[in-house]
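Residue numbers (our numbering): 6 to 236.
Written out below as structure tokens is the structure these notes cover.
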Ligand code: CA
């Protein structure tokens, strides 16, 4: 890596913090670390941070407050670290502007995969203005022509199915909450019609997945939302 990315690791558990920093530095990342929200905020305003890895349970302030504050001026990727069975907390963090989450305990592989996706997404976002065609496996989308191809052959999607799939493609590899998807597809005043989304998703999967019950492209994140596989 000729231009190392700087990751701010915010975690009050010393052992976990050291474990994360050790892994990231071994991969060539530069790390800053903080054990509370105040120190984290100090780094975020004074240093050039490329990605924030944020534990939600901190001793001074709630991690959610850090997300709110940071999003007032910055779009850097935020990955939250959450305890097991905290689906509501994960969804809330995502809706407030976090990009993804890791559930404790997580492996080195998961940690690095989430970080790569989040950092790549920043580049992907900049690249889509140049190349409107995005693909994953045999599935591709032309965002200019609004066409979807499976194994090179065009497939017909309804307008809502297309909105759903293009939203997932623009966020490839990232988890999207049910609320964020509803807002994108149905707009303001979307309500909370998760059943409509499930029906829409089932229809879309029948058109793009070989085995809709075991989807290859659109993965369900139980209790949170959906994620388009990134390879
Ligand atoms: Ca904690």
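Each residue gets a CB set at the ideal place from its N, CA and C atoms; glycine is no exception.
Item	Value
Give the residues whose C-beta lies closer than 7 angstroms to at least one heavy atom of ligand 1, in chain order.	16, 17, 18, 60, 62 and 63
Could you check the C-alpha separation between residue 126 and residue 64 for me, to the nearest Å?	31 angstroms
Quick one: which unbroken beta strand (DSSP E) runs of 3-plus residues sit fully inside the region 113 to 197? Chain order, please.	138 to 141, 144 to 147, 152 to 155, 158 to 160 and 180 to 182
Going by DSSP, what residues sit across from residue 21 in a beta bridge?	Partner(s): none; residue 21 has no beta bridge.
Please report how far the alpha carbon of residue 18 lies from the alpha carbon of residue 86, in whole angstroms.	12 angstroms
Report the rounded CA-to-CA distance for residue 24 versus residue 59, giving the unit in angstroms.	14 angstroms
Closer than 8 angstroms is the cut-off here; do at least three beta carbon pairs connect the region 44 to 58 with the region 116 to 126?	yes
What does DSSP give as the partner residues of residue 106 in its beta bridges?	85
Should residue 207 be labelled buried (16 or more other beta-carbon atoms within 10 Å of its own) or exposed?	exposed
With DSSP run on the structure shown, which of helix, strand or coil describes residue 92?	helix
Thinking C-beta only, is residue 112 closer than 8 angstroms to residue 146?	no
So, do the region 24 to 43 and the region 88 to 102 have three or more beta carbon pairs nearer to each other than 8 angstroms?	no
Whose CA, out of 43, 128, 212 and 20, lies closest to the CA of residue 72?	43
When you compare each of 102, 155 and 157 to residue 70 by their alpha carbons, which one comes out closest?	102
Count the other CB atoms, across all protein chains shown, that sit within 10 Å of the CB of residue 104; report buried if there are 16 or more and exposed otherwise.	buried
Does DSSP classify residue 27 as helix, strand or coil?	helix
Where do the N-terminal and C-terminal ends of the alpha helix (DSSP H) with residue 241 fall, by residue?	Shown here, the chain extends from 6 to 236; a query on residue 241 therefore has no answer.
Out of 8, 110, 140 and 16, point me to the one whose CA is closest to residue 222's CA.	140
Taking just the CA atoms, how far does residue 66 sit from residue 202?	35 angstroms
Would you kindly check if the distance between the Cβ of residue 153 and the Cβ of residue 99 is under 8 angstroms?	no
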